[in-house]
């Protein structure tokens, strides 16, 4: 199997402009992402997909495989699909360009989860606090007995009707209760990804603002891999300061 990591590196960010080029102890955020990806076993190719000449020039300073992509893409997934159309590969892992501490073992887990008939492999980890379960910014996923996604939602799913009030008092979920938060790392079957990018947005995708629902609504299978390796992204000035602190 030929496996490719694609790092979408979009310059503009509404919350933290130019964040992928911010300095982290002598290296940019996106360079640190790339160097983490170099540690992943079983990968044939790593590409950074950019949409700006400034980022292109910067990335060329530390690696060769940089691809200019359209500025008009509505999502990172569409940017990955543009790259996929130009490549001979089987499986593509999307690693965000703003996650400088991404764990190589997590990426390897995503690759290991791929099998015939699966469109997407993604990550999840167990939720332990009720406040996180109720937080609409924490996307939840429910799975079947084969660890394949049934649904993703910003709502608290599954909702334990009879127990929730008591659990809220302590802000803690019992150890035996398995409720999962979706982790935004994806591995795609190439053909499924290209097909996805040609499909219109779906009703549930628009309602929840979760593009992975487009796969489910069109009958594609999403394999979920459980992990305890939560990622650390840089979305705000506070995130950037926290990242600098981790490098001290």
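Numbering (the UniProt record's numbering), first residue to last: 1 to 248.
Ideal Cβ positions, reconstructed from N, Cα and C, are used throughout, including at glycine.
- Residue 14 carries a coil assignment under DSSP once its states are collapsed to helix, strand and coil.
- Distance from the CA of residue 70 to the CA of residue 56, rounded to the nearest whole angstrom, comes to 13 Å.
- No residue range can be given for residue 114, since it is assigned to no alpha helix (DSSP H) and is classified by DSSP as neither H nor E.
- Residue 76: member of the alpha helix (DSSP H) spanning 76-85, first to last residue.
- Within the same chain, Cβ atoms closer than 7 Å to the Cβ of residue 41 are found at 108, the five residues on either side in sequence being excluded.
- Check the Cα spacing between residue 145 and each of 224, 25, 37, 230: the tightest is with 224.
- Annotation: residue 186 is outside any alpha helix (DSSP H); the continuous beta strand (DSSP E) that includes it extends over 180-189.
- For residue 98, the number of other beta carbons within 10 angstroms of its own is at least 16, and it is reported as buried.
- Out of 198, 132, 58, the CA that lies nearest to the CA of residue 215 is found in 198.
- Per DSSP, residue 151 is one residue of the beta strand (DSSP E) stretching across 149-153.
- Under the three-pair Cβ rule at 8 Å, the region 226-237 counts as touching the region 176-186.
- Beyond the five residues adjoining it in sequence on each side, residue 235 comes within less than 8 Å, by CB distance, of 13, 15, 16, 19, 98 in the same chain, given in chain order.
- When Cβ pairs closer than 8 Å are counted between the two stretches, the region 119-139 is seen not to touch the region 51-65, the count staying below three.
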